[in-house]
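Colleague:
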Amino acid sequence: MKMHWHCRSCGHDEPTPREDAVLRLQSIGRLKRGVRVETDLLLELARVSAGELSCIACGVTGLALNEGVPAHDDFGRRCEVCRQLIDPERLEVFPDSTLCTNCQKGEDRGVDSTMPEYCSSCGTPLVLAKSTIGVTRYRMSCPQCR
């Protein structure tokens, strides 16, 4: 995972490996210690929390997150959901397309292609659980916290 935080005040760029990002997020209370998180969740937490982090060069709070995968690169445009390259043939037919073929198919079928929901207590992805008391109902449940 390649990303770095950028200070808008002094212009300092801080390259951030995964381990450093975890430590910084733990220091502001966004991530519990000892909990292993997926890369997608870590990136989302970093994106949402960047404004709460302080620059190590000037101390000003409010960083911006720059991820290592740009929307456009030398090889073409990337999908907004899965970050894979969009086929050049698709871009010829649909030049304004922001989704790859697979993600577009999922969206057309009504499948939610965004990131899954996470437990607010421990950060674990929620799973669909069935309640069998009375009428069968479904709810999102944390497999660790229950």
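Residue numbers 1136 to 1281, in our numbering, belong to the letters of the sequence shown in order. No residue lacks a Cβ here, since even glycine has one placed at the ideal position from N, Cα and C.
Taking only three categories from DSSP, how would you classify SER1232?
Modeller: coil
Colleague: Inspect the beta-carbon positions of GLN1219 and ARG1213 and report whether they are closer than 8 Å.
Modeller: Contact check for GLN1219 against ARG1213 passes: the beta carbons are separated by less than 8 Å.
Colleague: What would DSSP say about LYS1265, mapped onto helix, strand or coil?
Modeller: strand
Colleague: Considering only residues of the same chain and omitting the five flanking positions on each side of ILE1268, which have a CB-CB separation below 6 Å?
Modeller: Here the set comprises nothing.
Colleague: If contacts are defined as beta-carbon pairs under 8 Å, then SER1184 and LEU1158 qualify, I think. What distance do you get, rounded to the angstrom?
Modeller: Rounded, the Cβ-Cβ distance is 13 Å, inconsistent with contact.
Colleague: Rank SER1266, ALA1192, LEU1200, VAL1195 by C-alpha distance to the C-alpha of PRO1152 and give the top, closest one.
Modeller: LEU1200
Colleague: Are there 16 or more other CB atoms within 10 angstroms of the CB of TYR1253, so buried, or fewer, so exposed?
Modeller: buried
Colleague: Tell me where the alpha helix (DSSP H) around ASP1222 begins and ends.
Modeller: Looking at the DSSP string, ASP1222 is not in any alpha helix (DSSP H), and its letter there is neither H nor E.
Colleague: When the Cα atoms are used, what is the spatial distance from ARG1225 to SER1232?
Modeller: 8 Å
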